[in-house]
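Asker:
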Amino acid sequence: MSNTDDIRWVTQLTLLGDKSAFDKLTCKYQSPIRRFFLNLTVGDAPLSDDLAQETFIKAYLNINSFKGLSGFSTWLYRIAYNVFYDSARAQKHYEDINEQLIDSQYQMQNEFSVEKMDIYKALNILRKEEQTAVLLFYMEDKTHNEIAKIMNCPLGTVKTYILKGKEKLSVYLTQAGYGNNKN
Amino acid sequence: METTKTDKMLKDFFSERKQEIADNGFTQRVMRKLPEQPDRAWIVWIFTAIGMAISIYLGINSGLIQTILMYMEHISIYYLLAGIFCFPLVGSIGMYFAQNRNF
Numbered sequence: 032m033s034n035t036d037d038i039r040w041v042t043q044l045t046l047l048g049d050k051s052a053f054d055k056l057t058c059k060y061q062s063p064i065r066r067f068f069l070n071l072t073v074g075d076a077p078l079s080d081d082l083a084q085e086t087f088i089k090a091y092l093n094i095n096s097f098k099g100l101s102g103f104s105t106w107l108y109r110i111a112y113n114v115f116y117d118s119a120r121a122q123k124h125y126e127d128i129n130e131q132l133i134d135s136q137y138q139m140q141n142e143f144s145v146e147k148m149d150i151y152k153a154l155n156i157l158r159k160e161e162q163t164a165v166l167l168f169y170m171e172d173k174t175h176n177e178i179a180k181i182m183n184c185p186l187g188t189v190k191t192y193i194l195k196g197k198e199k200l201s202v203y204l205t206q207a208g209y210g211n212n213k214n
Numbered sequence: 446m447e448t449t450k451t452d453k454m455l456k457d458f459f460s461e462r463k464q465e466i467a468d469n470g471f472t473q474r475v476m477r478k479l480p481e482q483p484d485r486a487w488i489v490w491i492f493t494a495i496g497m498a499i500s501i502y503l504g505i506n507s508g509l510i511q512t513i514l515m516y517m518e519h520i521s522i523y524y525l526l527a528g529i530f531c532f533p534l535v536g537s538i539g540m541y542f543a544q545n546r547n548f
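Those protein sequences? They're chains D and B, same order as listed.
All residue numbers for the first sequence refer to the numbering used here, where the first residue is 32 and numbers rise by one.
All residue numbers for the second sequence refer to the numbering used here, where the first residue is 446 and numbers rise by one.
This is the structure we're talking about:
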């Protein structure tokens, strides 16, 4: 499904109030948005679902502010980013995240194996802004320009976040033997 | 060179852990929580009615409709019927291509 579909569905929603068009948009973007939150909350599935739900409701209520200058996906991630940081500021939850919490979540969700565990541990060595930029770039395949729009910061800052994140992750993964196992 | 290697390692690391999350009723839960908004489908009907009224007004004033009716008197009923049945056929073909387009 292309961006043309997104624009068509947004038009149906804004002009005709056609709710089924928003159903299609939610269905299309639920997976990437929930995955984005799941990684940012180091695997807290109930919290990430709540945040994703809030994101879609905000998108629905503010759909008239979507001007189509950037893609619908970028606009939606921008809302998701704001929802996450509002929530983090309100709860002061994420500053307290530490190894113990990740370990306990791993024990609760051990059906997902070591793979998910190590992505959360790897992300946890980064600052929140670096985590966001790295996830958007490497996991969600967003460009630097799109990330700058989502995070509402200069392009140079985004590049710095990604570069620093990359350096830290490179050291961490090499020490964990990831590169060696691959080759 | 080193950067490219690191980039590849990180791309591989994240893409191997990229999961598609099944909907499992998430969309339905979101749709249920959306506030009700007025149905604005009537806008389409209003514009259609205005468009038709303008067309008929201009058609009558310019004598176009009378001319068409005059011509139709001389056309065989079979041609007229064939013409009328063409509309749903052309419409269906158009709808088919619109729904099955792959771009």
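Even glycine gets a Cβ: it sits at the ideal position worked out from N, Cα and C.
Predicted, not measured: the structure shown is a model, and the values here were computed from it.
Tell me whether D:K199 sits in a helix, a strand or coil according to DSSP, three-state version.
Answerer: As a working mapping, residue 199 of chain D is identified with position 168 in the first sequence. D:K199: helix per DSSP, three-state reduction.
Asker: I'd like to know whether the C-beta of D:Y91 is nearer than 8 Å to at least one C-beta of chain B.
Answerer: By 1-based counting over the first sequence, the position of residue 91 of chain D is 60. Yes - at least one Cβ of chain B is within 8 Å of the one on D:Y91.
Asker: Note down the Cα distance separating B:E518 from B:Y524, rounded to an integer number of angstroms.
Answerer: Numbered from its first residue, the second sequence carries residue 518 of chain B at position 73. Numbered from its first residue, the second sequence carries residue 524 of chain B at position 79. Cα to Cα, the separation comes out at about 12 Å.
Asker: Going by alpha carbons, who is nearest to B:E481 out of D:P185, D:I88, D:A153 and D:K190?
Answerer: Locating residue 481 of chain B in the second sequence gives position 36, counting from the first residue. The residue with the shortest Cα to Cα distance from B:E481 is D:I88.
Asker: Restricting to Cα atoms, I'd like to know which of D:R120, D:C58, D:A52 and D:D54 is closest to B:D468.
Answerer: Translated into the one-based positions of the second sequence, residue 468 of chain B becomes position 23. The option with the nearest alpha carbon to B:D468 is D:C58.
Asker: Threshold first: 4 residues or longer. Then list the alpha helix (DSSP H) segments lying entirely within the segment 68 to 127 of chain D, N to C.
Answerer: Taking only runs of at least 4 residues, the alpha helix (DSSP H) segments lying wholly in the segment 68 to 127 of chain D are 76 to 92 and 103 to 122.
Asker: For D:F97 versus D:F68, is the C-beta distance shorter than 8 Å?
Answerer: As a position in the first sequence, residue 97 of chain D is number 66, starting the count at 1. As a position in the first sequence, residue 68 of chain D is number 37, starting the count at 1. Not in contact: D:F97 and D:F68 (Cβ atoms no closer than 8 Å).
Asker: For B:D468, does the three-state DSSP call read helix, strand or coil?
Answerer: Translated into the one-based positions of the second sequence, residue 468 of chain B becomes position 23. Here B:D468 sits in coil by DSSP.
Asker: Using the Cα positions of B:F548 and D:N34, report the straight-line distance between them to the nearest angstrom.
Answerer: Walking along the second sequence from the start, residue 548 of chain B turns up at place 103. Walking along the first sequence from the start, residue 34 of chain D turns up at place 3. With a pLDDT of only 46 at B:F548, under 50, the local geometry of the prediction cannot be trusted, and no value is derived from it.
Asker: Nearest to B:V489 by CA position, among D:L167, D:V165, D:L47 and D:L186, is which residue?
Answerer: Locating residue 489 of chain B in the second sequence gives position 44, counting from the first residue. It is D:L47 whose Cα lies nearest to the Cα of B:V489.
Asker: Helix, strand or coil for D:T205 per DSSP?
Answerer: As a first step, residue 205 of chain D is located in the first sequence; it is residue number 174 there, counting from the start. Helix, per DSSP.
Asker: What is the residue span of the alpha helix (DSSP H) that D:N183 lies within?
Answerer: On the first sequence, position 152 is the one that residue 183 of chain D refers to. Where D:N183 is concerned, there is no enclosing alpha helix (DSSP H), given that its DSSP letter is neither H nor E.
Asker: For the putative contact between D:I150 and D:N70, defined by C-beta atoms under 8 Å, what is the C-beta separation to the nearest angstrom?
Answerer: In the first sequence, the residue the question calls residue 150 of chain D occupies position 119. In the first sequence, the residue the question calls residue 70 of chain D occupies position 39. Sure, about 7 Å apart at Cβ, within 8 Å.
Asker: Taking 8 Å as the threshold (beta carbon to beta carbon), is D:R66 in contact with chain B?
Answerer: Indexing the first sequence from 1 puts residue 66 of chain D at position 35. For D:R66, the answer is yes, since a Cβ of chain B falls inside 8 Å of its Cβ.
Asker: Please state the DSSP three-state secondary structure of D:Q138.
Answerer: Indexing the first sequence from 1 puts residue 138 of chain D at position 107. Unreliable positioning characterises D:Q138 in this predicted model, as indicated by a pLDDT of 49, which lies under 50. The coordinate reading is nonetheless provided below. D:Q138: helix per DSSP, three-state reduction.
Asker: Would you report the Cα separation of D:Y192 and B:M476, rounded to the nearest angstrom?
Answerer: For the purposes of this step, residue 192 of chain D is taken as residue 161 along the first sequence, with counting starting at 1. For the purposes of this step, residue 476 of chain B is taken as residue 31 along the second sequence, with counting starting at 1. Each residue's Cα considered, the two are about 36 Å apart.
Asker: Within 8 Å, do at least three Cβ pairs link the segment 36 to 52 of chain D to the segment 71 to 90 of chain D?
Answerer: The segment 71 to 90 of chain D is not in contact with the segment 36 to 52 of chain D.
Asker: Secondary structure at B:I491, three-state DSSP: helix, strand or coil?
Answerer: Along the second sequence, one-based indexing puts residue 491 of chain B at 46. In this structure, B:I491 counts as helix in the three-state DSSP scheme.
Asker: Can you name the start and end residues of the alpha helix (DSSP H) that B:M515 belongs to?
Answerer: Working through the second sequence from its first residue, we reach residue 515 of chain B at position 70. From DSSP, the alpha helix (DSSP H) with B:M515 extends over L509 to E518.
Asker: What three-state label does DSSP hand D:T174 in the structure shown?
Answerer: Here residue 174 of chain D refers to the residue found at position 143 of the first sequence. Coil.
Asker: In three-state terms, what does DSSP make of B:E481?
Answerer: Reading the second sequence from its first residue, position 36 is the one you call residue 481 of chain B. The answer is coil: DSSP assigns B:E481 none of H, G, I, E or B.
Asker: Can you say whether D:G74 is buried or exposed, counting buried as having 16 or more other CB atoms within 10 angstroms of its CB?
Answerer: By 1-based counting over the first sequence, the position of residue 74 of chain D is 43. Result: buried.
Asker: Give the straight-line distance between the Cα atoms of B:Y540 and B:F492, rounded to the nearest whole angstrom.
Answerer: For this step, residue 540 of chain B is matched to residue 95 along the second sequence. For this step, residue 492 of chain B is matched to residue 47 along the second sequence. Looking at the sequence shown, residue 540 of chain B is not Tyr but Met. If I take the Cα positions, the gap works out to 22 Å.
Asker: Quick one: list the residues of chain B neighbouring D:Y169, beta-carbon separation under 7 Å, in chain order.
Answerer: Translated into the one-based positions of the first sequence, residue 169 of chain D becomes position 138. Here the neighbours are L455, K456 and F459.
Asker: Using a threshold of 8 Å, state whether the C-beta atoms of D:L166 and D:H175 are closer than that.
Answerer: Counting from one through the first sequence, the residue named residue 166 of chain D turns up at place 135. Counting from one through the first sequence, the residue named residue 175 of chain D turns up at place 144. No, these two residues do not count as a Cβ contact at 8 Å.
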